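Chains as they are written, first to last, in this note's numbering: chain V, 653 to 860; chain E, 653 to 860.
To start, the structure under review is shown below, and the notes come after it.
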DNA sequence: TAATCATCGTTAGTTTATTAACGATGATAG
DNA sequence: CTATCATCGTTAATAAACTAACGATGATTA
C-alpha cells in the first residue's frame, strides 16, 4: 500500500483532535503556526495539508474551526466503531491491552488471541482472550480489518500470512521483523525496543 | 539533532542482532539480500549501509559474519550498560515498565518518576518509582542521558524542559505532542494510539 | 581453461517529505 | 483613506531516504 499519505494522515488526526478542543473552548479560528507547533512541522506544511481538503483560511484570522473540524472528522472518522484484534498475549500484548482500553471512543480491541491454552478463555483488562485456532472464524464473522501483532519475531510472518488470508487489511507490527505482505495491505512497524536502543546509541555517541 | 542517520541506525542495530545469531549458528557469511529481507529494504540499501563501515564482502560468498559483527557492535554498543529513566507511571508507563524489563542486557530502566505520591516510593515490575521532586538530582548523580516520557500530553513539554536542563540528551516521547527541544537533543516520537488510529483510518478507507 | 552467474561496490536517479519563497488578502492602526 | 503587516494559497526548491543500474569480481561449472 502506498505509504504516501501516511505522515499527513498522522498530522490530520492530530489537527482534528486539537481543533475539536478549540471548538469546545468556544474559539472560532486557528492559525497554521499553532497547528505546526502541535505536530512539529512548518506552517507551510500545515497549509499544504489543508489545501487538499479545500479548507480555506483568511489572513489575520486563520482557519474557521467549525468548518475545519467538520471537514476533517468527516474524512478521518467513519461513523462506526472500528474493531481491532490483538495477536500475542505476552508481556507486550498485555501491556498494550492494559494501556489502550477505552482510550479512543471509536476504536475497540474486541478480542486477543494466543496459542498458549493457559492464557486463553479468560478476560484480561476487559478483553476476551481466545485460542488462536478461533482466530480465522472470528475475523471473518466479525469482519475485522485491523490487527495488532505482538507475537515473538519468529512467529510474526506466520501470523501475518494467516490473518491477511482471513481478511485483515491493516497491521500494526510490534515484532522486530519486516513483514512480507501484499501491496494492498497497510503495515506499520512499531518497535519500542529498537527505538530505545537507538536512543541509547545516540546518547553514547554524544558522550564521546 | 540531525535525524539523518536515524533510519540507518535502526537497520544497523537489526543487522547486528541478526549477524550475532548467524555467528552463534556457526555460519561464516551473510548476503545483502538476507539482511534486506530482515529489515524490509532493498539489497542496495544494505550494501550502502555497510559501505560506510568499510565492511567488504565478496561476490558468491557475501559478507564475513565475524568481522561484520565485530565492526558493527564496536560502533553500536558502548561497553557500558546504558541507564534509562521513565517519567510518568500511568497506564502506558506501567505497560512499558512491565514489558521492557531485562529485555536488552545493556539497557536498563533504573528508575521511574511520577508526581502522584500514591504511586511513588515503591517498586513496580522491578523498577523503583520515585517522586518527581527527586528527578533532577537523580539524573545528575547517576549521569542519566536517556529518558522515556509517558506523561499526559499537557505535561510532556514541562517534563522535557526539566530533564533536558538536568542533563538528558535523548528522549523517547510517547505523549501525543511534538516537543520543542534544543537541536543537540535527540527526540523520537512514538505514539501508539496515533498509529492505531492511522491503521483504522486506512481500514475504513479501503472499505469504501 | 573459459564461460557463466550471483553478488559486490558505487554512482546516478527516483520518490517522498518538507521547507522556502512570494504575491495576494484583508484586518488594523495611523 | 492609506499604509502596514501577519497570514494565506501556491509553486519552486531542498533534503532525506531509498532503488535502479551497471561494471567488476571471483567462485562454480562445463
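Note that CB positions come from ideal geometry on N, CA and C, so glycine has one too.
Fair warning: this is a prediction, and the values are worked out from it, not measured in the lab.
- Would you call the CB atoms of residue 815(E) and residue 737(E) closer than 9 Å? Within the second chain, the letter at position 163 stands for residue 815(E). Within the second chain, the letter at position 85 stands for residue 737(E). Yes, the Cβ-Cβ distance between residue 815(E) and residue 737(E) is below 9 Å.
- Message: Does residue 671(V) pass the burial test, meaning 16 or more other C-beta atoms within 10 Å, or should it be called exposed?
- Response: Within the first chain, numbered from 1, the residue matching residue 671(V) stands at position 19. Under this definition residue 671(V) is a buried residue.
- Task: Compare the Cα-Cα distances from residue 764(E) to each of 811(E), 709(E), 848(E) and report the closest residue.
- Result: On the second chain, position 112 is the one that residue 764(E) refers to. When each option's Cα is compared against that of residue 764(E), the closest is 811(E).
- Note down, in chain order, all residues in the region 730-742 of chain E with a beta-carbon under 9 Å from any beta-carbon belonging to chain V. 730, 732, 734, 736, 742
- In angstroms, rounded to a whole number, what distance separates the CA positions of residue 801(E) and residue 825(E)? Position 149 of the second chain holds residue 801(E). Position 173 of the second chain holds residue 825(E). Distance from the CA atom of residue 801(E) to the CA atom of residue 825(E), rounded to whole angstroms, is 5 Å.
- Message: Can you find the residues in the same chain that come closer than 7 Å, C-beta to C-beta, to residue 803(E), ignoring five residues on each side of it along the sequence?
- Response: Counting from one through the second chain, the residue named residue 803(E) turns up at place 151. If we look at residue 803(E) and ignore the five residues flanking it on each side, its Cβ neighbours are 739, 740, 811, 827.
- In angstroms, rounded to a whole number, what distance separates the CA positions of residue 711(V) and residue 684(V)? On the first chain, position 59 is the one that residue 711(V) refers to. On the first chain, position 32 is the one that residue 684(V) refers to. About 10 Å.
- Message: Within 8 Å, do at least three Cβ pairs link the region 726-735 of chain V to the region 783-792 of chain V?
- Response: no
- Message: Between 766(V), 668(V), 850(V), which has its C-alpha nearest residue 658(E)'s C-alpha?
- Response: Taking the first residue of the second chain as 1, we reach residue 658(E) at position 6. Residue 850(V) is the option with its Cα nearest to residue 658(E).
- Item | Distance between residue 676(V) and residue 660(E) (C-alpha atoms, nearest Å) | The sequence position of residue 660(E) within the second chain is 8, counting from 1. The sequence position of residue 676(V) within the first chain is 24, counting from 1. Approximately 43 Å between the Cα atoms of the pair.
- Query: In whole angstroms, what is the alpha-carbon distance linking residue 783(V) and residue 809(V)?
  - Reply: Within the first chain, residue 783(V) is the residue found at index 131, counting from 1. Within the first chain, residue 809(V) is the residue found at index 157, counting from 1. Looking at the two C-alpha atoms, the distance is approximately 18 Å.
- Message: So if DSSP puts residue 716(E) in a beta bridge, which residue, or which two residues, is it bridged to?
- Response: Working through the second chain from its first residue, we reach residue 716(E) at position 64. Beta-bridge pairing links residue 716(E) to 681(E).
- Message: Comparing C-alpha positions only, which one of 845(V), 842(V), 786(V) sits nearest to residue 818(V)?
- Response: The residue you call residue 818(V) lines up with position 166 of the first chain. Residue 786(V) is the option with its Cα nearest to residue 818(V).
- Item | Helix, strand or coil at residue 836(V) according to DSSP, with G and I counted as helix | Position 184 of the first chain holds residue 836(V). The answer is coil: DSSP assigns residue 836(V) none of H, G, I, E or B.
- Nearest-angstrom Cα separation, counted from residue 846(E) out to residue 687(V): Here residue 687(V) refers to the residue found at position 35 of the first chain. Here residue 846(E) refers to the residue found at position 194 of the second chain. Going by C-alpha positions, residue 687(V) is about 16 Å away from residue 846(E).
- Message: Looking at chain V, is there any beta carbon in it that lies within less than 9 Å of the beta carbon of residue 653(E)?
- Response: As a working note, residue 653(E) is residue 1 in the second chain. Legend: pLDDT at residue 653(E) = 44, less than 50; position of this residue unreliable, value from coordinates given subsequently. Closer than 9 Å to some Cβ of chain V, the Cβ of residue 653(E) qualifies, so yes.
- Item | Sequence-distant residues of its chain with Cβ nearer than 7 Å to residue 655(V) (five each side left out) | Taking the first residue of the first chain as 1, we reach residue 655(V) at position 3. Summary for residue 655(V): the model assigns pLDDT 45, below 50, so the residue's position carries little reliability; its value from the coordinates is reported in the next sentence. Counting only Cβ-Cβ distances below 7 Å, and skipping sequence neighbours, we find nothing.
- Message: Closest to residue 830(E) by C-alpha separation, out of 806(E), 852(E), 821(E), would be which residue?
- Response: Position 178 of the second chain, counted from the start, is the residue given in the question as residue 830(E). Per the Cα distances, 806(E).
- Item | chain E within 9 Å of residue 794(V), Cβ atoms only | Start at 1 with the first residue of the first chain, and residue 794(V) comes out as number 142. Answer no: the Cβ-Cβ gap between residue 794(V) and chain E never drops below 9 Å.
- If you compare alpha carbons, which of 682(E), 674(E), 691(E), 844(E) is closest to residue 664(E)? Position 12 of the second chain, counting from 1, holds the residue named residue 664(E). Looking at the Cα atoms, 691(E) is the closest of the given residues.
- Unbroken stretches of the alpha helix (DSSP H), 4 residues or longer, contained in the region 711-758 of chain E: 717-728, 743-752
- List the DSSP bridge partners of residue 815(E). In the second chain, counting from the first residue as 1, residue 815(E) sits at position 163. As computed with DSSP, residue 815(E) is found in no beta bridge at all.
- Going by CA-CA distance only, name the one from 678(V), 813(V), 852(V), 721(V) that's closest to residue 666(V). Here residue 666(V) refers to the residue found at position 14 when the first chain is read from its first residue. It is 721(V).
- Item | Helix, strand or coil at residue 765(E) according to DSSP, with G and I counted as helix | One-based indexing of the second chain puts residue 765(E) at position 113. Here residue 765(E) sits in strand by DSSP.
- Task: Leaving out five residues on either side along the sequence, give the residues of the same chain with a beta carbon under 7 Å from the beta carbon of residue 653(V).
- Result: Reading the first chain from its first residue, position 1 is the one you call residue 653(V). Any reading at residue 653(V) must be qualified, since the residue scores a pLDDT of 47, below 50, and its modelled position is unreliable; no value is offered.
- Task: Return yes when the Cβ of residue 799(E) is within less than 9 Å of the Cβ of residue 797(V), no when it is not.
- Result: Taking the first residue of the first chain as 1, we reach residue 797(V) at position 145. Taking the first residue of the second chain as 1, we reach residue 799(E) at position 147. Against a cut-off of 9 Å, the Cβ pair of residue 799(E) and residue 797(V) comes out as no contact.
- Item | Simplified DSSP state of residue 854(E), which is helix, strand or coil | Looking up residue 854(E) in the second chain gives position 202. DSSP places residue 854(E) in helix when its eight states are reduced to three.
- Item | Extent of the continuous alpha helix (DSSP H) run through residue 827(E) | Position 175 of the second chain, counted from the first residue, corresponds to residue 827(E). Run containing residue 827(E): none; DSSP gives neither H nor E here.
- In chain E, what lies closer than 7 Å to residue 662(V) by C-beta? In the first chain, the residue the question calls residue 662(V) occupies position 10. Against residue 662(V), the close residues of chain E are 846, 850, in the order they occur along the chain (beta-carbon pairs closer than 7 Å).
- Which class does residue 661(E) belong to by DSSP, given the choice of helix, strand or coil? Taking the first residue of the second chain as position 1, residue 661(E) is located at position 9. The answer is helix: DSSP assigns residue 661(E) an H, G or I state.
- Query: chain E partners of residue 780(V), CB-CB under 8 Å?
  - Reply: Mapped onto the first chain, residue 780(V) falls at position 128. Per Cβ cutoff of 8 Å: no residues; residue 780(V) is ~18 Å from chain E at best.
- Message: Going by C-alpha to C-alpha distance, which of 743(E), 775(E), 840(E) sits closest to residue 751(V)?
- Response: As a first step, residue 751(V) must be located in the first chain, where it is residue number 99. With distances taken between Cα atoms, residue 751(V) lies closest to 743(E).
- Message: For residue 698(V), count the other beta carbons within 10 Å of its own beta carbon; 16 or more makes it buried, fewer makes it exposed. Which is it?
- Response: Here the question's residue 698(V) lines up with position 46 in the first chain. It counts as buried.
- CB residue 820(E) to CB residue 842(V), shorter than 9 Å? Along the second chain, read from residue 1 onward, the residue named residue 820(E) stands at position 168. Along the first chain, read from residue 1 onward, the residue named residue 842(V) stands at position 190. No; because the gap between Cβ atoms is not below 9 Å, this pair is not in contact.
- Item | Amino acids of chain E, ordered along the chain, whose beta-carbon sits closer than 7 Å to that of residue 855(V) | Along the first chain, read from residue 1 onward, the residue named residue 855(V) stands at position 203. Within chain E, the residues near residue 855(V) are 734, 797, 798, 821, 822.
- Taking the alpha carbon of residue 746(E) as the point to measure from, which residue in 682(E), 705(E), 780(E), 776(E) has its own alpha carbon closest? One-based indexing of the second chain puts residue 746(E) at position 94. Closest option to residue 746(E), Cα to Cα, is 776(E).
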